[in-house]
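Student: Questions regarding the structure given below will be posed in turn.
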Amino acid sequence: MGSSAGSDESAFSRVMEVAMLGVLPMALKAAMELKVMDILAQHADEEGAGGVDGGSYLTATQIAARVEGRTAPPEEAASALDRILRVLASHGLLASMSSSGSTSYGLTPSSRLLLQTGLNSLAPFVLLVQDPVYWQAYYDFHQAVLQGGTIFARVHGMKSFAFTKKDPAFDQLFNRAMFAHSQLVMATLLDTYTGFQALHSLVDVGGSKGACLGMITSRYPNIKGINFDLPHVIAGAPTYPGVEHIGGDMFVAIPKGEAIFMKWILHDWSDDHCWNIFKNCYSSLPNNGKVIVMDAILPKQVEQDADARATYHMDLVMLAFNDGGKERTKEEFEALSMSVGFAKVQVLHNIHGLSVIEISKV
Numbered sequence: 001m002g003s004s005a006g007s008d009e010s011a012f013s014r015v016m017e018v019a020m021l022g023v024l025p026m027a028l029k030a031a032m033e034l035k036v037m038d039i040l041a042q043h044a045d046e047e048g049a050g051g052v053d054g055g056s057y058l059t060a061t062q063i064a065a066r067v068e069g070r071t072a073p074p075e076e077a078a079s080a081l082d083r084i085l086r087v088l089a090s091h092g093l094l095a096s097m098s099s100s101g102s103t104s105y106g107l108t109p110s111s112r113l114l115l116q117t118g119l120n121s122l123a124p125f126v127l128l129v130q131d132p133v134y135w136q137a138y139y140d141f142h143q144a145v146l147q148g149g150t151i152f153a154r155v156h157g158m159k160s161f162a163f164t165k166k167d168p169a170f171d172q173l174f175n176r177a178m179f180a181h182s183q184l185v186m187a188t189l190l191d192t193y194t195g196f197q198a199l200h201s202l203v204d205v206g207g208s209k210g211a212c213l214g215m216i217t218s219r220y221p222n223i224k225g226i227n228f229d230l231p232h233v234i235a236g237a238p239t240y241p242g243v244e245h246i247g248g249d250m251f252v253a254i255p256k257g258e259a260i261f262m263k264w265i266l267h268d269w270s271d272d273h274c275w276n277i278f279k280n281c282y283s284s285l286p287n288n289g290k291v292i293v294m295d296a297i298l299p300k301q302v303e304q305d306a307d308a309r310a311t312y313h314m315d316l317v318m319l320a321f322n323d324g325g326k327e328r329t330k331e332e333f334e335a336l337s338m339s340v341g342f343a344k345v346q347v348l349h350n351i352h353g354l355s356v357i358e359i360s361k362v
């Protein structure tokens with residue numbers, strides 16, 4: 001009986017935790033909007049402690065005193081902030097230590113990634129996925145079962161890509177998030193993957209403003225890069241050495257090159273759309289050409305590690321946002337690409353939850 005009671009208590013606690021889990025991303029968003037991580041990092045630099053497990057901590061009272069634009073009374077602000085920060089600390093997003101009835105907070109490797117200064121930050125991405133535009137669509141996941149169709153279009157009156165084109169503020173938020181994510185992922189890719197070395201030409205399909213391709217050509221100046229995206233997307237794109245911006249439609253034709261690169265593109269689209277993309281890739285490549293895909297690979301069985309959960313979460317974002325968009329298994333990538341003539345699919349690396357997939361013609 002005792003074992004059963006303990007199991008029931010554990011089940012109850014788990015359900016209660018998940019039921020209230022929505023406060024976690026909102027607490028994180030609040031801390032970022034208050035620039036808590038940046039305040040802690042600045043203090044760590046002042047103390048010479050390095051910021052991560054370096055012994056540099058501040059209390060909520062000390063942090064609140066440094067928050068810009070605060071009009072709440074000091075004690076009220078500190079109390080509210082402490083309640084927010086202990087939630088983050090309980091999930092390992094901040095470090096904490098208690099002394100004399102007071103709790104102090106510091107940075108962890110995870111919260112270092114949430115600084116709003118510098119390039120190595122996921123802060124813009126976190127702020128994007130906590131935006132009301134996203135959350136309004138999340139409320140209707142059940143309608144995908146009841147009514148079908150695209151949740152985002154039902155909630156916002158248009159498809160997601162049309163929405164970003166119509167709303168400049170959200171478009172800017174989206175582009176900042178994609179740029180920030182790409183900076184971190186591409187830096188690791190270039191230190192890990194050697195498949196760019198022998199190339200002389202590379203087409204980045206869906207490359208937005210060209211940041212990813214610019215990082216590749218900076219590392220490999222022998223590559224002539226073509227950044228390919230819709231004309232309105234590349235309008236005003238910055239200049240990168242070795243990169244030419246070309247406007248067009250990947251569903252019509254893709255510029256020719258020795259290899260084609262696609263990061264976080266295919267999961268936006270249905271199988272029929274992806275078949276069309278692969279067909280156009282195949283037509284544009286030489287006989288020994290290859291497509292280099294960076295996308296999450298969906299596990300064949302349910303797994304519970306952080307990368308798997310992130311993939312499942314992103315799969316639900318695709319369910320809400322894009323008609324037919326989804327994460328795929330390795331076997332699904334093989335079936336789609338080989339159906340248009342590609343001969344081999346290799347998964348080479350896992351980089352921050354995205355797999356590096358080489359799809360070759362021979």
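Using full-length UniProt numbering, the first residue of the sequence shown is number 1, and each one after it goes up by one. All C-beta atoms in this analysis are idealised placements derived from N, C-alpha and C, irrespective of residue type, glycine included.
(1) Can you list, in chain order, the residues of its chain whose CB lies under 7 Å from that of Val155, leaving out five sequence neighbours each side?
(2) So, for Ser201: in the same chain, excluding its five sequence neighbours on each side, which residues have a beta-carbon less than 6 Å away from its beta-carbon?
(3) Pick out whichever of Val345, His352, Asp323 has its Cα sitting closest to the Cα of Ala310.
(4) Mind checking Gly51: buried by the 16 CB within 10 Å criterion, or exposed?
(5) For the UniProt domain "O-methyltransferase dimerisation" (23 to 116), which segments carrying the alpha helix (DSSP H) assignment without a break, of at least 4 residues, lie completely within its bounds, in sequence order?
(6) Three or more beta-carbon pairs under 8 Å between the region 69 to 87 and the region 29 to 37, yes or no?
(7) Could you please give the first and the last residue of the uninterrupted alpha helix (DSSP H) stretch that includes Phe228?
(8) Among Ser13, Asp295, Lys165, Phe342, which residue has its Cα nearest to the Cα of Asp315?
(9) Mind checking whether Ala144 and Leu319 have CB atoms under 7 Å apart?
(10) Exposed or buried, which one is Gly289 when buried takes at least 16 other CB atoms within 10 Å?
(11) Considering only C-alpha positions, which residue in the set Ser339, Lys279, Phe321 is nearest to Ile151?
(12) Report the residue from Phe163, Ser111, Ala180, Thr117 whose alpha carbon sits nearest the alpha carbon of Phe125.
(13) For Glu258, which three-state DSSP category applies?
(14) Is the number of C-beta pairs between the region 228 to 245 and the region 205 to 220 that are closer than 8 Å three or more?
(15) If we define contact as Cβ-Cβ less than 7 Å, is Met215 a contact residue for chain B?
(16) Between the alpha carbons of Lys159 and Lys326, how many angstroms are there, rounded?
(17) For Pro255, which residues from the same chain have a beta carbon less than 8 Å from its beta carbon, with the 5 sequence-adjacent residues on both sides left out?
(18) DSSP puts Gly247 in a beta bridge; with which residues?
(19) Compute the minimum distance between the beta carbon of Pro74 and the heavy atoms of the ligand HEM, and state whether it is under 6 Å.
(20) Grouping DSSP H, G and I as helix and E and B as strand, with all else coil, what is Glu303?
(21) Report back the beta-carbon spacing between Ala343 and Ser360 to the nearest angstrom; my notes put them in contact at under 8 Å.
(22) Who are the near neighbours of Ser337 in its chain, counting only those whose CB is closer than 7 Å to its CB and skipping five residues on each side?
(23) With DSSP as the reference, label Asn350 as helix, strand or coil.
(24) Buried or exposed: Met127, going by 16 or more other Cβ atoms within 10 Å of its Cβ?
(25) Per DSSP, what are the beta-bridge partners of Ile292 in this structure?
(26) What does the Cβ neighbour count give for Phe251, buried or exposed, with the cut at 16 atoms within 10 Å?
Tutor: The short version:
(1) Gln136, Ala137, Asp140
(2) Lys224, Gly257, Glu258
(3) His352
(4) For Gly51, the predicted structure reports a pLDDT of 45, less than 50, and the residue's modelled location is therefore unreliable. A value from the coordinates is still provided. Gly51 should be labelled buried.
(5) 23 to 33, 36 to 47, 60 to 66, 74 to 90, 109 to 112
(6) When C-beta atoms of the region 69 to 87 are compared with those of the region 29 to 37, three or more pairs fall below 8 Å, so the two segments count as touching.
(7) Note, Phe228: premise wrong, no alpha helix (DSSP H); beta strand (DSSP E) at 224 to 229.
(8) Asp295
(9) yes
(10) buried
(11) The option with the nearest alpha carbon to Ile151 is Phe321.
(12) Ala180
(13) coil
(14) Yes: at least three Cβ pairs fall under 8 Å.
(15) No chain B appears in this structure, which consists of one protein chain only.
(16) 15 Å
(17) Val203, Ile226, Phe228, Ile246, Gly248, Ser284
(18) Asp229
(19) The ligand HEM is not part of this structure, which contains no ligands at all.
(20) coil
(21) 6 Å
(22) Phe278, Val345, Ile359
(23) strand
(24) Here residue 127 turns out to be Leu, not Met, going by the sequence shown. It is buried - the Cβ of Leu127 has at least 16 other Cβ atoms within 10 Å.
(25) Phe261, Glu358
(26) exposed
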